[in-house]
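Numbered per numbering that gives the first Met the number 0, the sequence shown finishes at 150, counting up by one with no gaps.
Heads up, the thing below is written out as structure tokens.
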Amino acid sequence: MKFTPAKVNLYNFFKLPLAFFGGVRVRSITENEVVVSIKHRWMNQNPFKSMFWAAQGMAAELPTGLLVMKAIDESKRKVSMLVTHQEADFFKKATGKITFSCSGGLAIKEAIQASIKTGEGEVIVLTSEGKNEDGVVVSKFIFQWSLKVKK
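So this is what it looks like as structure tokens:
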């Protein structure tokens, strides 16, 4: 499958409706980076007039997961993928449009190649940073992915 923002956003409509209706949208996909945005709205807000942490988490996880899925697709192998750990830090109220990006595509490909070579699982840590419209970091999520080539 060719990974394009339009295809992924359509996929989310059918397979991840909570993310789609919460406002999560893929903006760009390159070899090494995925950019996703989410806008603070009534549907994803908390009682403190900012974006709920879980809505930020959905938007933050998507760029990491897309990079993993894209690398698996390009490897032409069956690879299991699972988030095994997640951490988050929040620095400022998330209001307006928040953009999350992850640029770990090359490291993911190396981890898949290592798993192909050894037959063992590999763990990769990917960071997704959320910035507001002024470029200020509002939150940072760290996802630990476990990858293992299936036999």
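All C-beta atoms in this analysis are idealised placements derived from N, C-alpha and C, irrespective of residue type, glycine included.
Going by the CB atoms, is the gap between Lys130 and Asp88 shorter than 7 Å?
Residue mapping note: residue 88 aligns to position 89 of the sequence shown, counting from 1. Residue mapping note: residue 130 aligns to position 131 of the sequence shown, counting from 1. It is not a contact, given that the beta carbons lie outside the stated cut-off.
For the alpha helix (DSSP H) that Ser74 lies in, which residues bound it at each end?
Start at 1 with the first residue of the sequence shown, and residue 74 comes out as number 75. Segment Trp52 to Ser74, the alpha helix (DSSP H) holding Ser74.
Among Lys75, Ile97 and Ser145, which residue has its Cα nearest to the Cα of Leu81?
Here the question's residue 81 lines up with position 82 in the sequence shown. The shortest C-alpha separation from Leu81 is found at Ser145.
Following the continuous beta strand (DSSP E) through Thr83, name the residue where it begins and the one where it ends.
In the sequence shown, counting from the first residue as 1, residue 83 sits at position 84. Under the DSSP assignment, Thr83 falls in the beta strand (DSSP E) whose first and last residues are Val78 to Phe89.
How close, in whole Å, do the beta carbons of Met42 and Phe19 come, if the pair is a contact with beta carbons under 8 Å?
Stepping through the sequence shown from its first residue, residue 42 is reached at position 43. Stepping through the sequence shown from its first residue, residue 19 is reached at position 20. Actually they do not touch by this definition, with Cβ atoms about 11 Å apart.
With 16 other CB atoms within 10 Å as the buried threshold, where does Val135 fall?
In the sequence shown, counting from the first residue as 1, residue 135 sits at position 136. That one is exposed.
Any idea what DSSP makes of Phe142, helix, strand or coil?
What you label residue 142 is simply residue 143 of the sequence shown in a count that begins at 1. In this structure, Phe142 counts as strand in the three-state DSSP scheme.
Taking C-beta to C-beta, are Gln55 and Ala93 nearer than 7 Å?
Numbered from its first residue, the sequence shown carries residue 55 at position 56. Numbered from its first residue, the sequence shown carries residue 93 at position 94. Result yes, Cβ atoms of Gln55 and Ala93 sit closer than 7 Å.
When burial is assigned at 16 or more other CB atoms within 10 Å of the CB, is Phe99 buried or exposed?
Mapped onto the sequence shown, residue 99 falls at position 100. With 16 or more other Cβ atoms from the protein chains shown falling within 10 Å of its own Cβ, Phe99 counts as buried.
Three-state secondary structure (DSSP) at Gly104?
Numbered from 1 along the sequence shown, position 105 holds the residue referred to as residue 104. Correct three-state label for Gly104: helix.
Hey, which unbroken runs of the alpha helix (DSSP H) at 4 residues or more fall wholly within the region 15-54?
16-20, all fully within the region 15-54.
So who's on the other strand from Phe2, going by DSSP bridges?
Numbered from 1 along the sequence shown, position 3 holds the residue referred to as residue 2. In the DSSP output, where bridge partners are listed per residue, Phe2 has none listed.
Please report how far the alpha carbon of Lys91 lies from the alpha carbon of Thr117, in whole angstroms.
Numbered from its first residue, the sequence shown carries residue 91 at position 92. Numbered from its first residue, the sequence shown carries residue 117 at position 118. When rounded, the distance between both Cα atoms is 43 Å.
Which residues mark the beginning and the end of the beta strand (DSSP E) in which Gly120 is found?
Locating residue 120 in the sequence shown gives position 121, where the first residue counts as 1. Element bounds for Gly120: n/a, residue is neither H nor E.
Below 6 Å CB to CB, which residues in the same chain sit around Met57 once its five sequence neighbours on both sides are set aside?
Stepping through the sequence shown from its first residue, residue 57 is reached at position 58. Same-chain partners within the cutoff: Ala18 and Val23.
Here's a check: name, in chain order, each residue in its chain whose Cβ is nearer than 7 Å to the Cβ of Leu105, leaving out the five neighbours to either side.
In the sequence shown, residue 105 corresponds to position 106, counting from 1. So the list reads Asn31, once near-sequence residues are dropped.
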